[in-house]
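Below is one structure, written out as structure tokens; comments come after it.
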């Protein structure tokens, strides 16, 4: 009988992530993170539990990285929690025991295509893509924004490292937009 | 050809000679030239023909206000009509042609229009082309357009790319003349984020065109030094070649950067232009001023230009427009042209000054109280006629004449929010309105402050004030010494005469035309504009508007402020359509969403259909199938006979959690969900507030407080938005959390009698009917991979929807097809999906049409009266529940060979095909291989009671009429035995 086991592909539809360098920036497809949304349930206090588990709960518009978990703000009392895919493939199974019925946790890993853009002069690239003021907000900030008609999260991990999370089904359109803007800017 | 009019000086790079062609003839210019300055240097004054009368024209100005020197640049697909030679930056190999002439610029047969001018007065086409009415579009307008045309489009795709982008700053400075540079310097030194835009390729504004000293430097050198300092500040962004075209809301300004227009072709990957959206805390309009002419008879000959332009060509570009020149002025600024040109060694024949008294210019023939009353020269100026103060006339041979009627502040952007410009008597011009865009202030000449000192100071002060508004401190810089001459002007708008004196040169509007408008009672400025077309050309009347309304004011005996002025709209100067479109063109007009099985479907040769942004497989043709129907019939029959697989990832999936999630679902769905056991799925109907059906779908209870809602593909976003509205605004006290998971899971429908057998080969758990009954749901594993299984059916067959994380979606379709091979499984697309749902009587988009209720759809019983749900009350309105209303029915042709047409209307036998007899319509029509004929769903008045009746399905548009039988909407397995199998 044929082998029916399932083999994953990347958002761009390949076996391995794509990586290109254009001028001073490198755009890399990233597939080694797991994501889950975490939303505090009404009347619950999750700060202490989260802290105990090493899950940062950053303020509005911010991103924070802990030892294992990172998180960026999604909305009031709501965060996107990140963790290494290799150890947290079933991220909900890790988070649910921590929060129980105090928070709602939803797997988001494959909802997003993640592209990490690294290099110098990143504002010059992003000013051609979205209305998020990279220079003013700076490292440690994150925001939802429209990028070529796509609702995306832009996460500024450092002055030279920005993650863009876009809808996985539009990964090719998003990658094309990033590449084209980089060619235009540099 | 030598540059015979080139003189010493200027800010051109004489070491970089550039070759270019105009109307096929080769010329040389220098880096730093515009097309106009280079042509003038080569002795070419004639650059175009006028819009209506085909009069020979040369440049009137040296800037973006140019009405006359309108040319076509480049060739082939990059050909661009209607560009201003005065701002076209010269590059090596530039190719330009004149337009609106035949066969040549110097001999234009349409010049006959000029002789026929009495017939072409203002409003002539309103009066002339009245009859017959239908001739306007088909005959008259095309003729007029051909005769009065501007340039021609290449009609080829634009080969260039355009970008859009977003910039942010504390202070936007519009214009980099003395006021703008002083403002930028003040704010830049204070550490504010500053953006400076200027339409010119060389920053400095009029400082580059004047000989004034600023401090101990020339104005141009001072500008260059400031530009150098600003360039070194990391918080300042200088944007030359960038025109701020409009003030939008909330401190947002639109600007077009011409990235590559000064190059033969853009560098690879680089855009030609970028449309920037600039978000500013405050903005300073320092856009300078535009000189206006004085109208006199035949004032439009090539060689006659604005006095400020004449000296700009000499000072900035080292060009003497004529070897013998005169100046006609009503103000002191005009005198500068004479002194500057004389200092450059140009023969200044006379200054004709409309004013009397005051000091005379030393060493120049300065005629006070005189007027220019006419000009002569066939294709360019050869002489002017002067009327001296004593009434005597004199003909003076000159080849260039500078005319100055005063300066108008460039306040356009300040009136983009409908602010009315304010008349300022001391400068005889309008200044920016007090009620302009919030956060925008004006400085320098744009504010009516015309001296260099006043420009520098007002710029710096405006920056200090703007930054203070933002809570930032800035110090006034030590301003260099600069001229501070007062404005000395005695308004003179036109010289009375019998001939034609041009007011708006681009649209060929004369003083006579304004008089005619007055005579015919079009006296308001808005009527004047529309009747004469004053100010309606691409230059927006930058040189002619004020002149036109001043003439009207004089005719009506009112003051200029009483007469009023029209205001300006964006864009400040013309913008290429490509820049507005940016990258949104062709295949990149919108992003594409690909399903997890897209790659596999492409390999199968699937035909795709766009569903919103999604590309879905419509059908999967097999070898030998020549029509789509063959493919679809095969897919449907094979699914019902064995098993079919369809990618249903596109259906919206919304994760709903929280202790009140069940109650929340009861609120948003017409039927009850809170009672649904964990591990079960229920079909739900969602109503709008007005009782009309909004969407339908299934919702699964995955845990006590965890639910997954599915929506239709088309309504995924509207439903999510609706749920968020309900959560945040209607039920803020409910403990509910929502997030979309549409993209997170690859989901496939597996339908048909062998669906279970197929799936059991892949699913690690027992999915027998006992373990996983109809409408069950739950977490499973697929060969060890986490997944979800829902036993739901849209086709009426034994069916499941199976979901795995999207990264496994491609592998999943391959595994399903592999596992299904022994059952002769098929993949089916949206067409077959449609056929099977119609065969089963399920409603979809055509029935969920925004006007239909649950009752119309035969789902009235789903609207629970036991609870309060959105839309429940209004769905019970008398008109919506009345007997005899539209009900969904099944429809079959009496003759199975006859196809049905969607959109056909039901009529009784013998009834006339008029609206009064209309009984309803066919909503969805498919060919059913199961029934062996066309079948349809339809909304039919009193439909339930009409089952078994025969009616006509009439389509007046498609010209079809078919006798039909009204039947149950369930064509296949009406008892629902199969899906429970």
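Protein chains in written order, with this note's numbering: chain F, 82 to 267; chain G, 55 to 1035. A virtual CB, placed ideally from N, CA and C, is assigned to each residue, including glycine.
Does any residue of chain G have a CB that is nearer than 7 Å to the CB of residue i?
i, result
"residue 192 of chain F", "yes"
"residue 169 of chain F", "no"
"residue 85 of chain F", "yes"
"residue 138 of chain F", "no"
"residue 94 of chain F", "yes"
"residue 260 of chain F", "no"
"residue 161 of chain F", "no"
"residue 122 of chain F", "yes"
"residue 89 of chain F", "yes"
"residue 249 of chain F", "yes"
"residue 114 of chain F", "no"
"residue 264 of chain F", "yes"
"residue 183 of chain F", "no"
Taking the CB atoms as reference points, tell me whether residue i and residue j lie closer together than 7 Å.
i, j, result
"residue 989 of chain G", "residue 978 of chain G", "no"
"residue 742 of chain G", "residue 925 of chain G", "yes"
"residue 244 of chain F", "residue 195 of chain F", "yes"
"residue 87 of chain G", "residue 148 of chain G", "no"
"residue 1074 of chain G", "residue 699 of chain G", "The structure shown does not extend to residue 1074 of chain G, since chain G is modelled only from 55 to 1035, so the question has no answer here."
"residue 117 of chain G", "residue 140 of chain G", "yes"
"residue 350 of chain G", "residue 500 of chain G", "no"
"residue 761 of chain G", "residue 833 of chain G", "no"
"residue 297 of chain G", "residue 345 of chain G", "no"
Counting only beta-carbon atoms, is residue i nearer than 7 Å to chain F?
i, result
"residue 867 of chain G", "no"
"residue 487 of chain G", "no"
"residue 55 of chain G", "Here residue 55 of chain G scores only 49 on pLDDT, less than 50, and its place in the model should not be relied on; the value that follows carries that caveat. Chain F, which has no Cβ nearer than 7 Å to the Cβ of residue 55 of chain G, makes this no."
"residue 138 of chain G", "no"
"residue 311 of chain G", "no"
"residue 814 of chain G", "no"
"residue 332 of chain G", "no"
"residue 63 of chain G", "no"
"residue 647 of chain G", "yes"
"residue 325 of chain G", "yes"
"residue 791 of chain G", "yes"
"residue 798 of chain G", "yes"
"residue 243 of chain G", "no"
Which stretch, first to last residue, makes up the beta strand (DSSP E) that contains residue i?
i, result
"residue 960 of chain G", "959–961"
"residue 330 of chain G", "327–339"
"residue 507 of chain G", "Premise fails: residue 507 of chain G lies in the alpha helix (DSSP H), 506–523, not in any beta strand (DSSP E)."
"residue 352 of chain G", "First-last for residue 352 of chain G: undefined, no H or E at that position."
Measure how close the beta-carbons of residue i and residue j come, nearest whole angstrom, since I'm counting them as under 8 Å.
i, j, result
"residue 944 of chain G", "residue 895 of chain G", "6 Å"
"residue 1077 of chain G", "residue 557 of chain G", "For chain G, the structure presents residues 55 to 1035; residue 1077 of chain G sits outside this window and is missing."
"residue 1092 of chain G", "residue 614 of chain G", "Only positions 55 to 1035 of chain G appear in this structure, which leaves residue 1092 of chain G out of reach."
"residue 122 of chain F", "residue 712 of chain G", "6 Å"
"residue 356 of chain G", "residue 111 of chain G", "6 Å"
Could you give the residue range of the alpha helix (DSSP H) that holds residue i?
i, result
"residue 925 of chain G", "Careful: residue 925 of chain G lies outside any alpha helix (DSSP H) and carries neither H nor E."
"residue 286 of chain G", "273–286"
"residue 994 of chain G", "No alpha helix (DSSP H) contains residue 994 of chain G, which is instead part of the beta strand (DSSP E) from 987–995."
"residue 369 of chain G", "361–369"
"residue 580 of chain G", "579–586"
Compute the minimum distance between the beta carbon of residue i and the heavy atoms of the ligand ADP, and state whether it is under 6 Å.
i, result
"residue 791 of chain G", "The ligand content of the structure shown is nil, which means the ligand ADP is not present either."
Does any CB atom of chain A fall closer than 7 Å to the CB of residue i?
i, result
"residue 874 of chain G", "Within the model displayed, chain A is absent; protein chains F and G are what it includes."
| request: Could you list the residues in the stretch 751–773 of chain G with a C-beta less than 9 Å from some C-beta on chain F, going in chain order? | output: Under the 9 Å Cβ criterion, the stretch 751–773 of chain G contributes 758, 759, 760.
| query | Going along the stretch 839–859 of chain G in order, which residues come within less than 8 Å of chain F, judged by CB to CB distance? | reply | Those residues of the stretch 839–859 of chain G that come within reach of chain F (Cβ to Cβ, closer than 8 Å) are 839, 840, 858, 859.
| task | Give, in chain order, every residue of the stretch 208–240 of chain G whose Cβ lies closer than 8 Å to some Cβ of chain F. | result | With the criterion set as a beta carbon lying under 8 Å from some beta carbon of chain F, the members of the stretch 208–240 of chain G are 215, 217, 218, 219, 220, 221, 222, in sequence order.
| query | When you check each C-beta in the stretch 817–836 of chain G against every C-beta of chain F, which residues fall closer than 7 Å? | reply | Contact residues of the stretch 817–836 of chain G toward chain F are 836 (C-beta to C-beta distance below 7 Å).
| task | Report the residues of the stretch 208–242 of chain F with a CB closer than 7 Å to any CB of chain G, ordered along the chain. | result | Here the close residues are 208, 209, 211, 212, 214, 217, 229, 230, 231.
| Short-range partners of chain F found in the stretch 468–499 of chain G, where Cβ spacing is below 7 Å | Answer set for the stretch 468–499 of chain G: empty.
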